[in-house]
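Student:
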Amino acid sequence: MKGLTLKPLVSAMALTFALGACSSKTVSNDDSNIAPNVVAQQIIDNNATNPFFKPYDTYMGIPDFDKIKPEHYLPAFKAGIAQHKAEIQAIIDNPDAPTFANTIEAMEFSGELTTKVASVFYNLTGADTNDELQAISKEVSPMLSSAGDDVLLNDKLFQRVKTVYNQKESLGLSVAQHKLLEDTYKSFTRGGANLSEADKVKLRALNEKIGKLSLEFGDNLLAETNAFELVVEREADLAGLPQDVINTAAQTATKRGHEGKWVFTTQRPSITPFLTYADNRDLREKIYKGYIERGNNNNANDNKKILAEMAALRAERAQLMGYKTHAHFVLEERTAKTPENVYQLLNKVWPAALGQAKAEVADMQALIDSEGGDFKLAAWDWWYYSDKIRVAKYSFNEQQTRPYFSLENTLKGVFYTANRLYGITVKERTDLPKYNDEVRTWEVFDKDGSLMAIFMGDYYVRDSKRGGAWMNAYRQQYNMNGVDSTPIIVNVLNYPRPVGDEPSLLTFDEASTLFHEFGHALHGMLSDVEYRSQAGTSVPRDYVEFPSQVMENWMTQPEVLAQFAKHYKTGEVIPQALVKKIQAASKFNQGFATVEYMAATKLDLDWHTLTDFTPKDAAQFEADSLNKMGLIGEIAPRYRSTYFSHIFAGGYSAGYYSYLWSDILGADAFEAFKENGIFDKATADAFRNNILSQGGSEDPMLLYKQFRGKEAGIEPLLRSRGLLSK
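Take a look at the structure:
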C-alpha cells in the first residue's frame with residue numbers, strides 16, 4: 008500500500024506503544040534476584056564482540072550491518088531491557104521530589120540500548136527477513152512487551168509522573184516539554200496504570216496473546232504471498248502483456264526453477280500489469296483469486312481464526328481499560344477523536360464514490376457488450392477494461408508513460424523537488440554500510456551546506472521483503488541530553504528489478520509512490536526537535552500520511568515533469584501532449600480507487616467497533632460488513648481481512664481511514680502552494696517550519712492551522728478526485 012509507514016521506534020519509556028501490542032515475559036527467571044544493571048553488565052561482558060555493545064565504528068554511526076549477525080540480537084535485547092529496568096529503578100529510588108528533569112526527562116533519556124537494537128532488528132524483519140529473524144522476533148516481542156508493561160504498570164513510577172503532571176501549569180515548561188509531559192502521563196493511563204492489580208495481570212495476558220497472534224498473522228501472510236505463482240507455459244497465454252513485463256516474468260521463472268516458462272506472483276509489480284494487460288481472462292481470474300484468497304485457504308497459513316481472536320481480544324482489552332471499543336481507545340489519541348467522526352467522514356464521501364464506481368461499471372459493461380463478450384464484468388476484469396476505456400477516452404495508458412519514469416530519473420525528480428522547496432542537496436555514497444547489496448545511500452545536506460541526514464533507498468521487490476512501501480528510521484533526529492543526533496532514514500519499496508540492459512521502469516502510480524515515500528523521508532530528515540519521542544513522524548497515525556500526500560502533488564506539475572520525466576533511451580522530455588493526457592486522465596477510475604480503499608476502511612472500523620469478546624466467524628463477518636456498506640460485487644476491498652496486515656500485523660488497527668483523513672489535509676495544504684506558486688519560498692518555509700520540522704512536539708492540528716491559517720476543508724479532495732457534486 009502506498010505510504011505505509013512503520014511507526015518509528017522512539018524512547019524505551021513508550022516501548023509498548025512504539026513496538027505495537029507485543030506480549031509479555033520476563034528477561035530470565037534465573038536473573039530474578041540479581042540487580043538489573045548487574046544482569047546487563049554480565050551479558051555485555053560475556054558478549055564482548057557483539058557490535059551493539061559499543062559505538063558503531065562507521066561513518067555517522069550507520070549500523071555496522073556487516074558485523075551484525077542474528078546471534079547478536081537476543082543478548083543485546085536482554086542487556087538493553089535489563090539496563091533500562093535499572094534506569095527506571097533509579098528514577099523510582101531518587102530521594103528528591105519528582106521534577107520534570109528527574110522523572111519525565113530521565114525516562115525520555117532511558118533505554119538507549121534497547122532502541123539501538125530494535126531500530127535495526129525491526130527494520131530488517133520488514134525489509135530483509137529470514138527464518139532466523141522471524142524466530143527471534145517470536146522470542147523477543149514478548150520480552151519487549153513485558154518491559155513496556157513493567158514501566159507503564161509500575162505504580163511507584165506512575166505516582167512520580169502524576170506528581171509532576173499535577174504541577175504542569177506552574178512549571179514554566181516550553182510547548183515541547185508540556186507536550187512530552189502530557190504524552191507521558193497519557194501513556195501510563197492508557198497503559199493500565201490506574202487498573203487494579205488483578206486487572207493489570209489481565210492486561211499483561213491480553214497484550215501477550217495479541218502480540219503473539221499479530222506475529223503469526225504476518226508470518227502466515229508472507230508465506231502465502233511467496234507460495235503463490237502463476238506458471239505460464241504457452242507463449243500464446245502472454246498475449247496483451249508488454250514485453251518488459253514478459254521479460255521480468257521469464258526472469259522470475261528462472262529464479263523459481265521454471266526455466267523456459269513465465270511466472271507471475273501476487274506481488275504488486277507482477278499482478279497489476281497482468282490484470283491490466285493480459286488478454287487471457289481465465290488466467291486473470293486465477294491470479295486475482297490467488298491474491299484475494301491469501302490467508303483464506305484453510306491450510307497451515309490460514310489467518311481467519313487468528314484475526315477473529317485478535318479483534319475479540321482487542322475489544323476485551325479496550326473495555327478492561329474503560330473504553331467502549333478498541334476503536335474508541337485508539338482514536339482518542341488521533342486527530343479524528345472518535346469512530347463516530349470517522350464514520351461521518353466516510354459517509355460524506357462514500358455515496359459519490361460508489362455512484363462514480365457504478366458509472367464506471369456501466370461503461371465497462373457496455374464495452375464488453377460491444378465487443379461481443381457474453382459475460383458480466385467481474386472483479387478480475389476491472390483493470391483490463393478500465394485501461395481500455397482510458398485509452399479510448401484519453402488515448403492514454405500507463406505503458407506510454409513508463410519509458411519516461413525510470414527509477415533513476417524519478418529519483419532525480421524527487422531530489423529536484425526537495426531542493427527547490429527546501430534547498431536540500433544529496434550526494435550518493437557507495438562506500439557506506441548497507442543491509443542488502445541493493446540498498447543505495449545518500450548524504451543529505453541542508454541549504455547551508457551542513458550534513459542533515461543519511462538517506463537509504465531499498466527499491467526492488469524480493470522474497471525477504473514484505474509487500475508495500477514505507478519509511479522508517481535507523482536513527483531519529485533529536486537534540487537531547489547533550490546529544491545532537493543526525494537522522495538515518497530509509498525508504499523501502501517493491502519495484503521490478505532491471506532486466507538486461509533495461510532500467511527499472513515505473514508506472515505512473517509507482518512513480519507517484521516514490522514521491523509519496525520521500526515525503527515521509529523529508530518528515531524524518533527535516534525534523535528539528537529536542538526529544539526523540541517527538542521526532543519526525545512521531546505524530547498521530549491519521550496525521551502521519553499528510554506530508555507525504557502533499558509531496559505527491561509535485562510529480563504531476565509540468566515544471567517538475569520537465570526536469571526528470573525523460574525517455575530512458577532518447578533523453579526526450581515527456582511531450583506536453585502526453586502530460587495533458589495524464590492530467591485529463593487523473594480523475595479517471597477514481598470511483599474504483601476510492602471505493603476499494605473506503606471498503607477496507609469500513610471493514611477495519613467494523614472489526615474494531617465490536618463490543619463482545621467472542622471471536623466471530625471471520626468470513627461471515629466480512630461478508631456482512633461488505634453487504635451492509637453496499638459494496639458492489641465488481642470491487643473487493645483493497646485489503647480483505649485475511650491479508651489486512653495494516654490492521655492485524657501493523658500499527659493501523661482502527662486507523663486505516665488515516666489515508667483519507669490525511670489526504671484531506673494534503674489536498675487542502677497544496678491549495679496554498681497553488682495559490683502562491685508551487686515553489687514559493689515563503690509557503691515552503693512555512694510548511695517546513697510548522698509541519699515538517701515540528702514532528703510531535705505540538706498539537707498537530709494547531710500546527711496545521713498555523714501553516715494554513717484555517718482548518719482544512721473537504722472540497723479540495725473531492726475536486727481532485729472528480730467526486731465533487733455538480
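In terms of my numbering, the sequence shown opens at residue 8 and continues consecutively. Cβ coordinates follow ideal geometry from the N, Cα and C atoms, glycine included. Bear in mind the structure is a predicted one, so any value in this text is a computation, not a measurement.
Within its chain, find whatever has a CB closer than 8 Å to the CB of residue 717; leave out the 5 residues flanking it on each side and keep chain order.
Tutor: Hits under 8 Å: none found.
Student: In terms of alpha-carbon separation, which member of 620, 648, 652 and 224 lies closest to residue 633?
Tutor: Considering only alpha carbons, the answer is 648.
Student: Does the pairing of the stretch 209 to 218 with the stretch 152 to 168 give three or more beta-carbon distances under 8 Å?
Tutor: With the cut-off at 8 Å, the stretch 209 to 218 and the stretch 152 to 168 touch.
Student: Between 722, 248 and 706, which lies nearest to residue 343 when the distance is taken from Cα to Cα?
Tutor: Selected option, being the one with the closest Cα: 706.
Student: Helix, strand or coil, according to DSSP, for residue 30 in the structure here?
Tutor: Its pLDDT being 28, under 50, residue 30 is placed unreliably in this model, and the value from its coordinates should be taken loosely. Three-state result, residue 30: coil.
Student: Take the Cβ of residue 684 as the centre, count every other Cβ of all protein chains shown within 10 Å, and call the residue buried at 16 or more, exposed below.
Tutor: Exposed, since its Cβ has fewer than 16 Cβ neighbours within 10 Å.
Student: Examine the Cβ distances between the stretch 595 to 602 and the stretch 612 to 627 and report whether three or more of them are shorter than 8 Å.
Tutor: Result no; under three Cβ-Cβ pairs closer than 8 Å.
Student: Measuring CA to CA, which of 106, 218 and 575 is closest to residue 172?
Tutor: Among 106, 218 and 575, the Cα nearest to that of residue 172 is on 106.
Student: Helix, strand or coil for residue 537? Go by DSSP, reduced to three states.
Tutor: Coil at residue 537, not helix or strand.
Student: Return yes when the Cβ of residue 715 is within less than 8 Å of the Cβ of residue 687, no when it is not.
Tutor: No. Outside cutoff.
Student: Measuring alpha carbon to alpha carbon, tell me which residue in 405, 386 and 428 is nearest residue 394.
Tutor: Measuring from the Cα of residue 394, the nearest candidate turns out to be 405.
Student: Looking at the unbroken alpha helix (DSSP H) that takes in residue 467, where does it start and where does it end?
Tutor: Note, residue 467: premise wrong, no alpha helix (DSSP H); beta strand (DSSP E) at 458 to 467.
Student: Smallest Cα separation from residue 194: which of 169, 719 and 479?
Tutor: Comparing Cα-Cα distances from residue 194 to each of 169, 719 and 479, the minimum goes to 169.
Student: Should residue 227 be counted as a contact of the ligand FMN given a C-beta to heavy atom distance under 7 Å?
Tutor: Questions concerning the ligand FMN fall outside what the structure shown contains, since it holds no ligand whatsoever.
Student: Looking at C-alpha atoms only, which residue of 83, 104 and 303 is the closest neighbour of residue 627?
Tutor: With distances taken between Cα atoms, residue 627 lies closest to 303.
Student: Just the Cα atoms here: how many angstroms apart are residue 386 and residue 375?
Tutor: Roughly 14 Å separates the two Cα atoms.
Student: From residue 498 to residue 560, what does the alpha carbon distance come to, in whole angstroms?
Tutor: Rounded to the nearest angstrom, the two C-alpha atoms are 19 Å apart.
Student: Out of 443, 434, 275 and 608, state which residue places its alpha-carbon closest to the alpha-carbon of residue 453.
Tutor: When only C-alpha atoms are compared, the closest one is 434.
Student: May I ask which residues mark the beginning and end of the alpha helix (DSSP H) holding residue 80?
Tutor: Unbroken alpha helix (DSSP H) run through residue 80: 77 to 100.
Student: Roughly how many whole angstroms lie between the Cα atoms of residue 463 and residue 669?
Tutor: Taking the straight line from one Cα to the other gives about 25 Å.
Student: Cβ of residue 391 within 8 Å of Cβ of residue 301?
Tutor: No, these two residues do not count as a Cβ contact at 8 Å.
Student: Residue 482 lies in the beta strand (DSSP E); which residues open and close that run?
Tutor: Unbroken beta strand (DSSP E) run through residue 482: 477 to 482.
Student: How should residue 241 be labelled, buried or exposed, when 16 other C-beta atoms within 10 angstroms of its C-beta is the threshold for buried?
Tutor: Classification for residue 241: exposed.
Student: Roughly how many angstroms lie between the CA atoms of residue 231 and residue 306, to the nearest whole one?
Tutor: Distance between the alpha carbons of residue 231 and residue 306: 10 Å.
Student: Distance, Cα to Cα, residue 510 vs residue 475?
Tutor: The straight-line gap from Cα to Cα measures roughly 21 Å.
Student: Enumerate in chain order the residues of its own chain whose CB-to-CB distance from residue 229 is below 8 Å, with the five nearest sequence positions on each side excluded.
Tutor: Cβ within range, chain order: 136 and 473.
Student: What are the boundary residues of the alpha helix (DSSP H) that includes residue 485?
Tutor: Segment 485 to 487 is the beta strand (DSSP E) holding residue 485; no alpha helix (DSSP H) there.
Student: Our contact map puts residue 57 next to residue 89 with C-beta atoms below 8 Å; I'd like the distance itself, whole angstroms only.
Tutor: Going by Cβ atoms, the distance from residue 57 to residue 89 rounds to 14 Å, so no, they are not a contact pair.
Student: Look at the Cβ atom of residue 549, then the Cβ atom of residue 341, and state whether they are nearer than 8 Å.
Tutor: Taking 8 Å as the Cβ cut-off, residue 549 and residue 341 qualify as a contacting pair.
Student: Give me the residue from 606, 478, 257 and 543 with the minimum Cα distance to residue 505.
Tutor: Closest option to residue 505, Cα to Cα, is 257.
Student: In its own chain, which residues sit with a C-beta less than 7 Å from the C-beta of residue 414, not counting the 5 before and 5 after it?
Tutor: 466, 502, 510, 511 and 513.
Student: Report buried or exposed for residue 156, applying the criterion of at least 16 other Cβ atoms within 10 angstroms of its Cβ.
Tutor: By the neighbour-count rule (16 or more Cβ atoms within 10 Å), residue 156 is buried.
Student: Which residue wins for smallest C-alpha separation from residue 144, given the options 251, 205 and 223?
Tutor: Comparing Cα-Cα distances from residue 144 to each of 251, 205 and 223, the minimum goes to 223.
Student: Using the C-alpha atoms, what's the distance from residue 64 back to residue 71?
Tutor: Distance between the alpha carbons of residue 71 and residue 64 is about 7 Å.
Student: What is the DSSP secondary structure of residue 50, reduced to helix, strand or coil?
Tutor: Helix, per DSSP.
Student: What does the alpha-carbon distance come out to for the pair residue 131 and residue 226?
Tutor: About 14 Å.
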